[in-house]
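Trainee: Residue numbers (UniProt numbering), protein chains in the order written: chain H, 1 to 291; chain X, 1 to 264; chain L, 1 to 316.
Where a beta carbon is used, it is the ideal one built from N, C-alpha and C, also for glycine.
Since this is a predicted model, take the numbers as computed values, not measurements.
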Amino acid sequence: MEWIQQLINGISLGSIYALIALGYTMVYGIIKLINFAHGDVFMIGAFVGFYAIAGWGLGFFPALLLAMAVCAVFGVLIERIAYKRLRNATRIAALITAIGVSLLIEYGFIYVRGAQAAAYPDVLANKNYDLFGIQVSSQSLLILVVSIVLMIILHFVVHRTKIGKAMRAVSHDMEAAQLMGINVNTTISATFAIGSALAGAAGVFFGVYYTKIEPLMGVIPGVKAFVAAVLGGIGIIPGAMVGGLVLGVVETIVSALGFSQWRDAAAFIILILILLFRPSGIFGKNAREKV
Amino acid sequence: MGSSPLLKVQSAGIQFGGLKAVWDFNMEIHQGELVGLIGPNGAGKTTCFNLLTGVYVPTEGDISLEGQRLNGLAPYQVTRKGISRTFQNIRLFNELSVLDNVKVAYHSLAKHSIVSSIFRLPSHFSGEKEMEEKAIEFLTIFQLEPYLNEKAKNLPYGMQRRLEIARALAAGPKLLLLDEPAAGMNPQETHELMELIAFVREKFNLTILLIEHDMKLVMGICERIYVLDHGQLIAEGTPNEIRNNPKVIEAYLGEEAAESHAES
Amino acid sequence: MKKVKGFWIYVVLSAVIYGVIQLLINGGILNPFYANTLIFIGINIILAVSLHLVIGITGQFSIGHAGFLAVGAYISAIITMKFQLPFPLALLAGGIVAALAGLLVGIPSLRLKGDYLAIATLGFGEIIRIVFLNIDYVGGASGMQVTHLTTWTYTFICLFITITVITNFTNSRHGRACISVRENEIAADAMGINTTYYKVVAFALGSFFAGIAGGLFAHNFYIIQPGNFGFLKSFDILIFVVLGGLGSLSGSVIAAILLTVVSTFLQDYPETRMIIYSVVLVLVMLYRPQGLMGTREVTDLFGKWKGAKGGNSYGK
């Protein structure tokens, strides 16, 4: 029975990874950039939620929505200020810029606020439900349910709306999409907005679930979410969800087996195995350079 | 043509996923020949080159050079066996000088080791000197010696094509593959290119396989032509035979044209 | 031959720089703070030049270089602290084991390209760090005590060897092979270059010198901890190479000197330092993506000894 509990913990953690991974995968799919700053958007989301709840006394859902909105704007700003000029730059220049933006957000935030950690307010009274003898915390359940709802909304947006169609078109072939009259800039901004909003939501969930947040909190989950995106096949939305969940569960199992010190290594080992044996990920197709 | 062929391809083919890009590809090229490979866009010509040079591993069939099997060799191994190539979209080492571009092609002919280079042993100096002398001599043949120190990316387009051919030849091939050497050239440049190809063939006693869109060029210089359409060979013969082959006309112009051609 | 003359100018110049600074240190004119900064600059130059070989020359985008620094640091510390063996031996052993680690990491991962290689090397770097974190023999998270053995003389000798070896390697058929891989891997392959071999060689050689730097680094502090070798450290090294100009050895040397000086003066304000770093990094990428020097070398500007070049000219 304890195993099932661990599994549920893993799925909760995994859904946080999945939410962050979605932003990575959408951005990579559309402009082929590993947006290193994405983990920091997640951090900003956690802090916006923190200030909204602890400072202004907002409830969980208003705080969640606020964090998502702020992160959406923030994500678009990052794209407009730093990444937009890089569309024709080399991949290396783009990657280094992303690293630079990430460091700037982290240390800029520390400069303004200080590096100390904050305790997340207890906004959701945590109850443990007893489901057929399994203890399930209400927080885990809520996080899971809200994540699933967000992913369903995302799926709807991507597949049923005009902007979603534009996003898919641009990720397929930016020039052709432009020739067909799609506003590429708006589409890319929308992608950053949606991805960042999801990361913001993940930030609030993380705060509620782990109760401790600090300015560098986005680094490791950010990299792991990227691992999740690669695991599922980068650029593929369902892949990011599955990748996130798998990673969350694997990490929880590694911890449960008594190797919690190696938990972070597990993610990287998965990453390397995937890159070596199936670089296109679980759902990806193989593509190679044309000669 | 009684002697054994230089290059022999026996029903080679490749699939990507479920898609057959090229199949049942047969080809024999004899020492000293100049052979053309033509076909409409997307017929699989470059794929054939990639099969011959080891970029793709054939999923079926056999490729051999002078009786030695090439299947499964990496491109650099194929080059060392004696097939070198140019690319449809020029692939020079842009930041390297013209001279260094050719020196790279001489790489596997030199023997001095990494250790000798790091410690600057005599073998390093003699090896490098020999490479440099050879490369300069070679570039002189191609009339590129005024540009020795120029970065490859700064050369005009026609010169870049010329350098790419020179570089491919420096690797010492028995068989040279030219992938659309006249692409993007004006008639004057194309004419010069034809002369260059004829010249190097003579000079190096070379065997050449050439992909080309420019029919005039192909018909003008090739002795034999293979025609590829939808990943399959549809004809082989002398330029004259190819010109009058209804299958070829159909592939190029569509069925109607073929019919009207037959009527006329 | 001009080339040989240039080499001797380089040797003499190096000896003069070394001698003057050593005299200043002995004479007490350079206080320990400045002497230590110079050592630190030397270590950072070694790191920058070793990564320059991998990224700048061979074009393989590795962002896990701190992992090899860690291997060198821990191995050399084990040799001096646990086995009480001499420091030079420890440095060499650190370099060799780091090179082996480089082979271990490089052989599987160098098949990957661009972003994927970057992420894989970042992952490997982190795994190396986590491994040290979990080995009690080297103190785990709390780290390992190390005696202060690094001196200006050791640093300078290592620096001199690093630059000489990497320059000599670069200016040979082997270095040209590496540059051809950077410029166009498919064409290099078609020219008979065993691209995988040269990528792995460059990676292992780069790791070797990172390991040497690790030995100097470890014995310049009193304690080493896995936390010193996280990916922020890798980014630090990456920044030297990128700001200096991908493909320019002298560029990465200059960037390493400038940035080490800047960060030394800002060491009491780590956030400010990181903000300046990141702003400079972003601005350079947006407005001068080729970096300070592009692929040129300082020596090109003087037109004298064209030794340390990234392959854009040649001396005759």
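What is the residue span of the alpha helix (DSSP H) that X:Gly36 lies within?
Mentor: Premise fails: X:Gly36 lies in the beta strand (DSSP E), Leu34 to Ile38, not in any alpha helix (DSSP H).
Trainee: Closer than 7 angstroms, CB to CB, is L:Leu249 near chain H or not?
Mentor: No, no contact with chain H.
Trainee: For H:Asn88, count the other beta carbons within 10 Å of its own beta carbon; 16 or more makes it buried, fewer makes it exposed. Which is it?
Mentor: Answer is exposed; the Cβ neighbour count stays below 16.
Trainee: Which value, in whole angstroms, describes the spacing of the CA atoms of L:Gly315 and L:Ala101?
Mentor: No answer about L:Gly315 holds up, because its pLDDT of 30 lies below 50 and its placement is not dependable.
Trainee: What are the complete alpha helix (DSSP H) segments, minimum 4 residues, inside the stretch 30-62 of chain L?
Mentor: Entirely contained in the stretch 30-62 of chain L, the alpha helix (DSSP H) runs reaching 4 residues are, in chain order, 32-51.
Trainee: Answer with buried or exposed for L:Trp305, where buried requires no fewer than 16 other C-beta atoms within 10 angstroms of its C-beta.
Mentor: Low confidence applies to L:Trp305: its pLDDT is 43, below 50, so where it sits in the model is not reliable, and the reading given next is rough at best. It counts as buried.
Trainee: Taking the alpha carbon of X:Asn89 as the point to measure from, which residue in X:Lys216, X:Leu37 and X:Glu164 has its own alpha carbon closest?
Mentor: Minimum Cα distance to X:Asn89 is reached at X:Glu164.
Trainee: So H:Met43 and H:Gly248 are in contact, right, with Cβ under 8 angstroms, and what is the actual spacing, rounded?
Mentor: Not confirmed; about 19 angstroms, so no contact.
Trainee: Using DSSP with H/G/I as helix, E/B as strand and the rest coil, what is H:Gln5?
Mentor: Correct three-state label for H:Gln5: helix.
Trainee: Helix, strand or coil: how does DSSP classify X:Lys203 here?
Mentor: X:Lys203 falls in the helix class under three-state DSSP.
Trainee: Considering only their Cβ atoms, is the gap separating L:Ala99 from residue 361 of chain L smaller than 7 angstroms?
Mentor: Outside the shown range of chain L (1 to 316) lies residue 361 of chain L, about which nothing can therefore be said.
Trainee: With three or more beta-carbon pairs closer than 8 angstroms as the criterion, would you say the stretch 159-176 of chain X touches the stretch 188-208 of chain X?
Mentor: Cβ pair count under 8 angstroms is three or more, so yes.
Trainee: What residues of chain L sit near H:Gln5, judged by a beta carbon separation below 8 angstroms?
Mentor: Within chain L, no residue comes near H:Gln5; the closest Cβ sits about 26 angstroms away, beyond 8 angstroms.
Trainee: Just to make sure I have the definition right: I need the residues of chain H whose C-beta is within less than 7 angstroms of the C-beta of L:Phe203. Which are they?
Mentor: Ordered by position in chain H, no residue passes the 7 angstroms Cβ test against L:Phe203, which lies about 15 angstroms from the chain.
Trainee: So which of H:Gly108, H:Gly45, H:Ser137 and H:Leu104 has the shortest CA-CA distance to H:Ala63?
Mentor: Of the candidates H:Gly108, H:Gly45, H:Ser137 and H:Leu104, the one whose C-alpha sits nearest the C-alpha of H:Ala63 is H:Gly45.
Trainee: Output, in chain order, the set of chain X residues within a Cβ distance shorter than 8 angstroms of L:Arg176.
Mentor: Residues of chain X passing the Cβ test: Leu96, Asp100, Lys103, Val104 and His107.
Trainee: Can you give me, in chain order, the residues of the stretch 135-158 of chain X that have a beta carbon less than 8 angstroms from any beta carbon in chain L?
Mentor: The stretch 135-158 of chain X vs chain L, Cβ under 8 angstroms: Asn149 and Lys151.
Trainee: In chain L, what lies closer than 9 angstroms to H:Asp40 by C-beta?
Mentor: The contacting residues do not exist; H:Asp40 stays about 11 angstroms from chain L at best.
Trainee: Spell out whether any CB of chain H is found under 7 angstroms from the CB atom of L:Pro32.
Mentor: Output row for L:Pro32: interface = no.
Trainee: Only counting the same chain, and skipping five residues up and downstream in sequence, which positions put a Cβ closer than 7 angstroms to that of H:Val204?
Mentor: Once the five neighbours on either side are set aside, the close Cβ partners of H:Val204 are Gly45, Ala46, Gly49, Ala63, Leu64 and Ala67.
Trainee: Are there three or more Cβ pairs, one per stretch, closer than 8 angstroms when the stretch 155-172 of chain H is compared with the stretch 123-132 of chain H?
Mentor: No, they do not touch.
Trainee: Buried or exposed for X:Arg69, please, with buried defined as at least 16 other CB atoms from any protein chain shown within 10 angstroms of its CB.
Mentor: The residue in question, X:Arg69, is exposed, as its Cβ has fewer than 16 Cβ neighbours within 10 Å.
Trainee: What does the alpha-carbon distance come out to for the pair X:Met1 and L:Pro289?
Mentor: Low local confidence applies: a pLDDT of 47 at X:Met1 is under 50, so the model's placement there is unreliable, with the coordinate-based value given in what follows. The straight-line gap from Cα to Cα measures roughly 57 angstroms.
Trainee: Between which two residues does the beta strand (DSSP E) carrying X:Lys81 extend?
Mentor: Per DSSP, X:Lys81 belongs to no beta strand (DSSP E); it is in the alpha helix (DSSP H), Pro75 to Lys81.
Trainee: How big is the Cα-Cα spacing for X:His112 and L:Asp268?
Mentor: Whole-angstrom Cα-Cα distance: 51 angstroms.
Trainee: Please list the partners that L:Thr295 has in chain X, where partner means a Cβ-to-Cβ separation under 9 angstroms.
Mentor: The answer, in chain order, is Glu95.
Trainee: Give me the chain L residues within the contact set of X:Ala171, using Cβ-Cβ distance strictly less than 9 angstroms, ordered along the chain.
Mentor: What X:Ala171 touches in chain L: Ala190, Met191 and Gly192.
Trainee: Could you work out which residue in H:Leu7, H:Tyr24 and H:Ile11 is closest to H:Gly232 when comparing CA atoms only?
Mentor: Here the closest residue by C-alpha is H:Tyr24.
Trainee: Could you name the residues of the same chain whose beta carbon sits closer than 6 angstroms to that of X:Leu210, not counting the 5 residues immediately before and after it, in chain order?
Mentor: These residues qualify, in order along the chain: Gly36 and Leu178.
Trainee: Given a cut-off of 7 angstroms, decide if L:Ser252 and L:Gly244 are closer than it, judged by their beta-carbon atoms.
Mentor: Yes, Cβ-Cβ distance for L:Gly244 and L:Ser252 is below 7 angstroms.
Trainee: Since L:Thr272 meets chain B, which of its residues come closer than 9 angstroms, beta carbon to beta carbon?
Mentor: Note that chain B does not occur in the displayed structure, where the protein chains are H, X and L.
Trainee: Determine the direct distance from the alpha carbon of L:Phe61 to that of L:Lys309, and round the result to whole angstroms.
Mentor: Bear in mind that the predicted position of L:Lys309 carries a pLDDT of just 40, short of 50, making it too unreliable to give a figure here.
Trainee: Checking contacts by CB at 7 angstroms: is H:Arg91 closer than that to chain L?
Mentor: Chain L, which has a Cβ nearer than 7 angstroms to the Cβ of H:Arg91, makes this yes.
Trainee: Any beta carbon of chain X sitting closer than 7 angstroms to that of L:Ala187?
Mentor: True, the Cβ-Cβ gap to chain X drops below 7 angstroms.
Trainee: Buried or exposed for H:Gly57, going by 16 or more other Cβ atoms inside 10 Å?
Mentor: It counts as exposed.
Trainee: Counting pairs of Cβ atoms below 8 angstroms between the stretch 186-202 of chain L and the stretch 103-111 of chain L, do you hit three or more?
Mentor: Flag = yes, the stretch 186-202 of chain L and the stretch 103-111 of chain L touch.
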